[in-house]
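Number of protein chains: 4
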Amino acid sequence: MSKNKDVVVLTGAGLIGVAISRRVGAGKHLVVADLSMENAERVAKDLYNAGFETTAATVDISSRKSIQALIKEAQSFGEITGVINGAGVSPSQAPIEAVLKVDLYGTAVLLEEFGQVIAEGGSAVTISSQSGHRLGSLSEEESELLATTPTEELLNLEMVQAKNVKDTLHAYQLSKRCNVLRVMSEATKWGKRGARINSISPGIIITPLANDELNGPRGEGYRRMIDGSPVGRAGTADEVANVAELLMSDRGSFISGSDFLMDAGVTASYWYGDLSPKMFK
Amino acid sequence: MSKNKDVVVLTGAGLIGVAISRRVGAGKHLVVADLSMENAERVAKDLYNAGFETTAATVDISSRKSIQALIKEAQSFGEITGVINGAGVSPSQAPIEAVLKVDLYGTAVLLEEFGQVIAEGGSAVTISSQSGHRLGSLSEEESELLATTPTEELLNLEMVQAKNVKDTLHAYQLSKRCNVLRVMSEATKWGKRGARINSISPGIIITPLANDELNGPRGEGYRRMIDGSPVGRAGTADEVANVAELLMSDRGSFISGSDFLMDAGVTASYWYGDLSPKMFK
Amino acid sequence: MSKNKDVVVLTGAGLIGVAISRRVGAGKHLVVADLSMENAERVAKDLYNAGFETTAATVDISSRKSIQALIKEAQSFGEITGVINGAGVSPSQAPIEAVLKVDLYGTAVLLEEFGQVIAEGGSAVTISSQSGHRLGSLSEEESELLATTPTEELLNLEMVQAKNVKDTLHAYQLSKRCNVLRVMSEATKWGKRGARINSISPGIIITPLANDELNGPRGEGYRRMIDGSPVGRAGTADEVANVAELLMSDRGSFISGSDFLMDAGVTASYWYGDLSPKMFK
Amino acid sequence: MSKNKDVVVLTGAGLIGVAISRRVGAGKHLVVADLSMENAERVAKDLYNAGFETTAATVDISSRKSIQALIKEAQSFGEITGVINGAGVSPSQAPIEAVLKVDLYGTAVLLEEFGQVIAEGGSAVTISSQSGHRLGSLSEEESELLATTPTEELLNLEMVQAKNVKDTLHAYQLSKRCNVLRVMSEATKWGKRGARINSISPGIIITPLANDELNGPRGEGYRRMIDGSPVGRAGTADEVANVAELLMSDRGSFISGSDFLMDAGVTASYWYGDLSPKMFK
């Protein structure tokens, strides 16, 4: 058997990324990278104690240098055959600039950099969000700008300048729409290496933080949204992993450049059902 | 055990619908409906000889009465817990009016009618097409019209009148985009019954007919499109079934109102890669 | 939608049971039962924070009354449609009597009791062990005794009396073989309710405890066993869940009364390869 | 991308083998081999028209030379990463000698020969039968003889000599038990190449021939067996493919040397339920 293992890189050590890693990481070397080394080490240890071979690392996806350093570290264990990107900041945690720097620009850099080293037959999934599906129509020109503007010029686009971005939620929606569009343009490049890339746009997925919010002062609004959705419940990270595993395995080998919305029908209901836009303020 | 079986209805007895039926039909009663009774019977017999309990039926999805009759027949075997819609006409087979009547209006009626009888916990998948993803941007108003106009008024919409539809391909793209939007608005209704509905937009999937085309006079263009796609090959009905099975099973129980594009990255490449729009004429 | 949820009961809140629960528990009510209420509560809370609706409970599977009380509690949430049994004691933790009382008798009682309440369409998986596959040949008579002796008389069988049981490992192997045989005889009863039951016999699956052992004084022996196995590595609870999920879902609806050995080929190598019996002392 | 494709070899072009091929063959080169070139060509054409890249070939698995020639042909397309063995003769079609020559000896040769060329990471599934599970207990010595006797001496074993084999059913049961044991001993060798091998023992799976029998003069007996089984129905080749796909994919990468019985609980019921041995005469 070959000395070097297949390497899977997880960026952003949250519940969804971990659930996906558990599906695709067995028998491989799993690099668990997070902005916080403490998080990365805790998750890497949990996964080690669940049978995975892991290394903890730090990464700031808004920094190309940091991503390049992570790639170099990952390559020391073998060829990178899988990438799971769950890194990002939420619109309630960060100011507009940070959302755009991390979620819009950072994701674009990450896809670009891993696209230059991904192994033949490799595959990536990046976690976008249902939020991007509530942004409304973009013109073909706007879509093309988000999809194809050279990464280092993305933050100079007129449409993401302060005056054109209403609030952090708007910045987040723009970023998540951009993720999906970058996945499209990157897919054409990853394809030339025999690799694939897709995104998943999850709805409300329960985490400890989400449960705190559901039980907190703004909880009633969220619960109304969940109860009013077609499926009528929140989702689990394990359900996101159901889709991610298909996309990253041979079963999904015909799929590239796609986004998979899984949100209990919230988006459908936002546009054409009971969940009126007012509920999402 | 209960006398009545779970019933799965397949409309359109083509390769994709059959592949999906094989995944979700075991132990259930499978009603195989097609415009041609001969087709329906041939497929029903094949599936019977592969271990499935089947009944052949006819349906013209452009007729509400025909769909209602099919539903009545299906219900005679038990509750309808699954619907697989693969019926439709292709833009190279039919004039503009027929494409709109079957693919746009017919699909809308079918989703509406089955949405009034689907069992709690039931699930449907309708086969759309990558073509809908090449239509270009619609305004929010246009999308809403396609999504929510009462079904019997759909063919009166200004945007589908003869003067506004360039050719059969355009009619097909409009229809397939409409399918995805109807799935969204229907999902909000199916949800109230505890049921789910999603669509899949496949790319080039090989069938005997497709192989004839690939080896025929226009084959070179198709082959260039396939070879130039990010994945670099055509797909199989079985791969579409990988996604459909997830959507129709418990593994997809958080997913409703979504469309899943699986096209080897052709759409991505059409918009932002090597597959220029000229190749799709 | 119906008020009552489908209920899945997990007995034994270890890593394998939890991994399976994450696959099959979404949208259902999950009763997490363990001998230790502290364990049950910790796991129930973790799963709650991962999006599952959970209740913690205690159960001593060696007590029929305790199992009956658990069933009653579970039924208060709805019909029991799934059972995951991961409860048991290990031969290195407990004396012979306890191994037989819990692993042999307790499992038999549990399968019997749940078999009297399982819903139509329901399914169970019980976790056995590769150890049972190293016991060696039993005669048809011995197998039949383990399979069909009335549960309350199982511990009176000659073959499980102190003089006939060498050590705790032997007691464990007998128990695990018995589990597989009880699954066979129970499957015929569960079938009459339209329900299914199967077992999985995992090999070395990594847990925090297992890692401690691998890094401890006896670690070298274990590592030699893992390295010498055909697959060459230990397994993960998530991989056991791959098989359990298939067995418990519609995809496994033709399967009942079976045992699925997944052990990296250790059993094969023990009998016919490099892993000589001496390594298992 | 590499010029050479991954090659999957199917031996025995029956319904089960074809169903498995459809799951694991997309994007690979599929060599469809059968004793009858006519069968091989028909199936290869069907699969070609379902999107698979195929080559038809002949093979007589009871001939080492024939297997070696098949391997050579398969290798001309690339590395062999998958093997699906569905070849064999049924006890109602052939005399004792032929059953032993093909099902017992032939399968053993096939596993041995492919085990010398299988790619690292490769995987095989061989189709055994529930019949082997009704043979009754073998001693450890007998099992070891079937598992490890050099292939060319297998047919000289005392236990397979004419005087010790009651009828063709007995020959078939011995052969199928032998398959499972050869899989164990081969797994230890395949493991040294980083490859895995497992078997599946299906119960009554519907094929056109099976339907003829069910509707024929001996049909009542079969139907009683099916109706009396715990699951209460016959199975489909697609359900066997559910298990085979798991075993051959990354999801089953911890599994080697195992046999997976999937038979509606018939074996369980034969030994410990309503299906008395008399029904199987």
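Residue numbers (my numbering), protein chains in the order written: chain G, 1 to 281; chain U, 282 to 562; chain S, 563 to 843; chain X, 844 to 1124.
Cβ coordinates follow ideal geometry from the N, Cα and C atoms, glycine included.
Alpha carbon to alpha carbon, how far is residue i from residue j?
i	j	result
Lys754/S	Arg584/S	28 Å
Ile1043/X	Ser820/S	11 Å
Lys559/U	Leu1024/X	59 Å
Gly579/S	Ser815/S	20 Å
Arg758/S	Asn330/U	25 Å
Thr1031/X	Ser1018/X	20 Å
Val109/G	Gly475/U	41 Å
Val570/S	His591/S	6 Å
Met1002/X	Asp596/S	49 Å
Thr854/X	Gly136/G	53 Å
Ser287/G	Ser76/G	The structure shown does not extend to residue 287/G, since chain G spans only 1 to 281, so no value can be given for it.
Gly648/S	Val547/U	46 Å
Ser557/U	Met506/U	9 Å
Lys284/U	Gly783/S	Annotation note: pLDDT 48 at Lys284/U (below 50); position unreliable, coordinate value reported separately. Whole-angstrom Cα-Cα distance: 56 Å.
Val745/S	Asp568/S	23 Å
Ala549/U	Gln411/U	10 Å
Tyr453/U	Gly369/U	10 Å
Examine chain S for any beta-carbon lying closer than 8 Å to the beta-carbon of residue i, and answer yes or no.
i	result
Lys3/G	Because Lys3/G sits at a pLDDT of 49, beneath the cut-off of 50, its placement in the model cannot be relied upon, and the following sentence gives the value as read from the coordinates. Not an interface residue.
Ser226/U	With chain U covering 282 to 562 only, the question about residue 226/U has no answer from this structure.
Gly1108/X	yes
Gly308/U	yes
Phe535/U	yes
Thr991/X	yes
Asp519/U	no
Which residue from the options puts its Cα closest to that of residue i?
i	options	result
His695/S	Asn741/S, Gly574/S, Gln723/S, Gly683/S	Asn741/S
Thr151/G	Ile118/G, Glu113/G, Lys176/G	Glu113/G
Phe1103/X	Asp1117/X, Tyr1113/X, Ala1084/X	Ala1084/X
Leu947/X	Arg907/X, Leu997/X, Ile1049/X, Glu984/X	Leu997/X
Glu896/X	Val288/U, Ser347/U, Phe535/U, Gly516/U	Gly516/U
Pro376/U	Thr339/U, Ser404/U, Ala443/U	Ala443/U
Ile80/G	Leu110/G, Thr11/G, Ile118/G, Leu100/G	Ile118/G
Leu246/G	Gly88/G, Asn198/G, Arg42/G	Asn198/G
Arg1020/X	Ser986/X, Thr901/X, Leu853/X, Tyr1113/X	Ser986/X
Gly1115/X	Val671/S, Glu635/S, Glu702/S, Gly648/S	It is Tyr, not Gly, that sits at residue 1115/X in the sequence shown. Taking only the C-alpha atoms, the option nearest Tyr1115/X is Glu702/S.
Ser343/U	Thr407/U, Ala368/U, Val312/U, Val383/U	Val383/U
Ala545/U	Asn847/X, Glu1082/X, Leu858/X, Ala869/X	Ala869/X
Ala1080/X	Thr1050/X, Gly1062/X, Ser1092/X	Thr1050/X
Gly82/G	Met184/G, Gly51/G, Gln116/G	Gln116/G
Gly402/U	Ala355/U, Glu319/U, Ser537/U, Asn445/U	Ser537/U
So that I know if they touch, is there some Cβ in chain U lying closer than 8 Å to that of residue i?
i	result
Val117/G	no
Pro1045/X	no
Is the Cβ of residue i closer than 8 Å to any Cβ of chain G?
i	result
Gly298/U	no
Asn611/S	yes
Glu421/U	yes
Ser373/U	no
Ser1125/X	In this structure chain X extends from 844 to 1124, so residue 1125/X is not present and cannot be described.
Answer with yes or no whether the minimum CB distance from residue i to chain X is below 8 Å.
i	result
Asn773/S	no
Ile486/U	yes
Asn741/S	no
Pro498/U	no
Self-check item: Inter-stretch contact at 8 Å, needing at least 3 Cβ pairs: the stretch 212-232 of chain G / the stretch 163-170 of chain G
Solution: With a cut-off of 8 Å, the stretch 163-170 of chain G and the stretch 212-232 of chain G do not count as touching, because too few Cβ pairs lie within range.
Exercise. Mind listing, in chain order, the continuous alpha helix (DSSP H) runs of no fewer than 4 residues lying wholly within the stretch 361-441 of chain U?
Key: 377-380, 388-395, 421-429
Practice problem: Answer yes if the stretch 864-878 of chain X comes into contact with the stretch 1057-1066 of chain X, meaning at least three C-beta pairs across the two stretches below 8 Å, and no otherwise. | Solution: no
Practice problem: Please confirm if the stretch 626-633 of chain S is in contact with the stretch 600-607 of chain S, defined as three or more CB-CB distances below 8 Å between the two stretches. | Solution: no
Quiz item: Which runs of the alpha helix (DSSP H), 4 residues or longer, sit entirely within the stretch 316-365 of chain U?
Solution: For secondary structure counted as the alpha helix (DSSP H) over 4 or more consecutive residues, the stretch 316-365 of chain U holds these complete runs in sequence order: 318-329, 345-356.
Exercise. With a floor of 4 residues, list each alpha helix (DSSP H) that falls wholly inside the stretch 1026-1098 of chain X, ordered by position along the chain.
Key: Whole alpha helix (DSSP H) segments, 4+ residues: 1051-1057, 1062-1071, 1080-1091.
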